[in-house]
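**Q**
Numbering (my numbering), first residue to last: 62 to 432.
(1) Can you tell me where the alpha helix (DSSP H) holding residue 113 begins and where it ends?
(2) With DSSP as the reference, label residue 409 as helix, strand or coil.
(3) Exposed or buried, what is residue 140 when buried is set at 16 or more other beta-carbons lying within 10 Å of its beta-carbon?
(4) Go to residue 362, then tell me how far its beta strand (DSSP E) extends in each direction, as first and last residue.
(5) Compare the C-alpha of residue 219 against each of 204, 245 and 210 and name the closest.
(6) What is the DSSP secondary structure of residue 91, reduced to helix, strand or coil?
(7) Can you name the start and end residues of the alpha helix (DSSP H) that residue 440 belongs to?
(8) Hey, could you find the ends of the alpha helix (DSSP H) residue 379 is sitting in?
(9) Just grab the DSSP bridge partners of residue 145 for me.
(10) Need the endpoints of the alpha helix (DSSP H) that residue 387 sits in, please.
(11) Going residue by residue through the region 278 to 347, where are the continuous alpha helix (DSSP H) segments of at least 4 residues, counting only ones entirely within it?
(12) May I ask you to verify whether the region 253 to 261 touches the region 219 to 230, counting CB pairs closer than 8 angstroms and requiring at least 3?
(13) Quick one: is residue 122 buried, meaning 16 or more other Cβ sit within 10 Å of its Cβ, or exposed?
(14) Report all residues from its chain with a CB closer than 7 angstroms to the CB of residue 119; omit the five preceding and five following residues, and keep chain order.
(15) Could you tell me whether the Cβ atoms of residue 382 and residue 350 are closer together than 8 angstroms?
(16) Would residue 429 be called buried (16 or more neighbouring beta carbons within 10 Å of its own) or exposed?
(17) Identify, in the order they occur along the chain, each residue of the same chain with its Cβ nearer than 8 angstroms to the Cβ of residue 249, setting aside the five sequence neighbours on each side.
(18) Can you find at least 3 beta carbon pairs, one from the region 130 to 149 and one from the region 106 to 120, that sit closer than 8 angstroms?
(19) If we count the other Cβ atoms within 10 Å of its Cβ and call it buried at 16 or more, is residue 279 buried or exposed?
(20) Rounded to whole angstroms, how far is the Cβ of residue 149 from the Cβ of residue 332, which I believe are closer than 8 angstroms?
(21) Would you call the region 362 to 377 and the region 393 to 404 touching, i.e. three or more CB-CB distances under 8 angstroms?
(22) Which two residues bound the contiguous beta strand (DSSP E) that contains residue 108?
(23) Skipping 5 residues on each side, what residues in its chain have a beta carbon closer than 7 angstroms to that of residue 401?
(24) Mark residue 284 as exposed unless 16 or more other C-beta atoms lie within 10 angstroms of its C-beta, in which case mark it buried.
(25) Which residue's Cα is closest to the Cα of residue 294: 251, 275 and 315?
This is the structure we're talking about:
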């Protein structure tokens with residue numbers, strides 16, 4: 062009888078322990094999202110190979126941003142953080158599956174991938190991403206990452222930064238601010254964005270736009286077109302005038318106003334005009350010159366927007382100041398978003414392309430491991 066009571070007691074304790082553990086796990090799984098409620102019924106990330114910790118940071122008195130820290134499932138040692146700065150288009154950074162470049166990097170790099178949902182994206186509060194200006198976006202990144210680097214989830218003695226597309230412009234600014242705050246920026250990776258001024262970048266966008274529409278613009282027209290666009294962008298970006306006001310300067314400016322790719326009545330590539338005007342005031346090359354870090358710059362051969370010179374200037378500048386620190390990798394046959402195309406015209410028209418996220422992910426992972 063004593064033996065039966067003892068076994069019953071043991072069983073009861075075991076059941077209570079299991080129930081408590083399940084409840085604790087459930088609380089842990091949701092505690093990090095309860096302080097910043099989900100905006101809809103989307104499930105939390107659940108992808109084999111890593112675990113994502115949901116949290117939030119307050120970057121302004123009335124703005125909290127969703128944070129996602131992804132740790133390898135079985136890290137061999139405490140992981141260093143890889144901070145990500147996003148492309149220009151708005152949208153959540155949560156993974157729906159593992160068939161994308163960022164998820165592959167999170168799974169294979171051995172680092173803790175740190176993502177911050179911009180204002181108005183995902184669960185984050187604040188104005189919509191489409192109304193967020195450039196300076197506020199950069200400051201949100203800096204404020205959020207400074208707080209997150211105190212996390213016990215990883216080892217922040219070495220910090221890595223990765224910027225994709227126009228996130229390649231915010232990455233060096235964020236990295237330099239963190240370095241100035243005393244953090245060791247061990248490496249910085251950018252792909253799809255160079256070190257030219259934003260004014261030059263927008264001119265190059267237009268140049269490629271003209272060159273790769275052979276049925277719309279003849280080669281002999283490009284000279285006059287570019288002169289007009291240089292004048293328009295100088296007024297719009299550098300003088301910080303509204304595009305509609307610039308259009309009133311003459312028929313040539315009105316013609317440009319109606320034909321700049323991505324320029325709508327109120328936005329440019331989905332962001333307010335002020336975003337681009339503030340970006341045009343930023344000295345990206347100065348940030349690259351002051352950053353004391355290993356640098357990887359990736360350029361895709363069939364880029365639809367950027368030019369290789371913009372990428373090369375980062376590498377040349379850094380290596381001139383700190384020889385052997387920076388490396389340029391040119392990935393053949395790929396377009397801006399990592400899709401494979403037969404030629405530059407098909408890439409620009411976005412025809413017959415095939416997604417190939419593993420190529421860029423592998424390039425980045427191999428470089429990170431080497432550091």
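Even glycine gets a Cβ: it sits at the ideal position worked out from N, Cα and C.
**A** Inspection of the coordinates gives the following:
(1) Residue 113 sits at position 52 when you count from the first residue of the chain shown. In the DSSP annotation of this structure, residue 113 is not part of any alpha helix (DSSP H); the continuous beta strand (DSSP E) holding it starts and ends at 111 to 121.
(2) Looking up residue 409 in the chain shown gives position 348. Three-state DSSP puts residue 409 in a helix.
(3) Position 79 of the chain shown, counted from the first residue, corresponds to residue 140. By the neighbour-count rule (16 or more Cβ atoms within 10 Å), residue 140 is buried.
(4) Indexing the chain shown from 1 puts residue 362 at position 301. Where residue 362 is concerned, the enclosing beta strand (DSSP E) stretches over 355 to 363.
(5) Numbered from 1 along the chain shown, position 158 holds the residue referred to as residue 219. Of the candidates 204, 245 and 210, the one whose C-alpha sits nearest the C-alpha of residue 219 is 245.
(6) Within the chain shown, numbered from 1, the residue matching residue 91 stands at position 30. Note that residue 91 scores a pLDDT of 36, beneath 50, so its modelled location is shaky and nothing firm can be said.
(7) There is no way to answer for residue 440, as the model of the chain reaches only from 62 to 432.
(8) For the purposes of this step, residue 379 is taken as residue 318 along the chain shown, with counting starting at 1. Run containing residue 379: 369 to 382, per the alpha helix (DSSP H) assignment.
(9) Residue 145 sits at position 84 when you count from the first residue of the chain shown. Residue 145 pairs with 223.
(10) Working through the chain shown from its first residue, we reach residue 387 at position 326. Taken as a continuous stretch (DSSP letters only), residue 387 belongs to no alpha helix (DSSP H), being part of the beta strand (DSSP E) at 387 to 396.
(11) 280 to 294, 304 to 308, 312 to 318 and 334 to 342
(12) yes
(13) Translated into positions along the chain shown, residue 122 becomes position 61. By the 10 Å Cβ count, residue 122 comes out exposed.
(14) As a working note, residue 119 is residue 58 in the chain shown. Excluding sequence neighbours, residue 119 sits near 125.
(15) Along the chain shown, read from residue 1 onward, the residue named residue 382 stands at position 321. Along the chain shown, read from residue 1 onward, the residue named residue 350 stands at position 289. Yes, Cβ-Cβ distance for residue 382 and residue 350 is below 8 angstroms.
(16) Your numbering for residue 429 matches position 368 in the chain shown. Label assigned to residue 429: buried.
(17) Position 188 of the chain shown holds residue 249. So the qualifying residues of the chain are 221, 222, 223, 224, 232, 233, 236, 352, 354, 355, 356 and 357.
(18) Judged by pairs of C-beta atoms under 8 angstroms, the region 130 to 149 touches the region 106 to 120, as three or more such pairs exist.
(19) If you number the chain shown from 1, residue 279 lands on position 218. Answer is exposed; the Cβ neighbour count stays below 16.
(20) The sequence position of residue 149 within the chain shown is 88, counting from 1. The sequence position of residue 332 within the chain shown is 271, counting from 1. Right, their Cβ atoms sit about 6 angstroms apart.
(21) yes
(22) The sequence position of residue 108 within the chain shown is 47, counting from 1. Per DSSP, residue 108 belongs to no beta strand (DSSP E) and is neither H nor E.
(23) Numbered from 1 along the chain shown, position 340 holds the residue referred to as residue 401. Counting only Cβ-Cβ distances below 7 angstroms, and skipping sequence neighbours, we find 394, 395, 414, 415 and 417.
(24) Within the chain shown, the letter at position 223 stands for residue 284. For residue 284, the number of other beta carbons within 10 angstroms of its own is below 16, and it is reported as exposed.
(25) As a first step, residue 294 is located in the chain shown; it is residue number 233 there, counting from the start. Cα-wise, what sits closest to residue 294 is 315.
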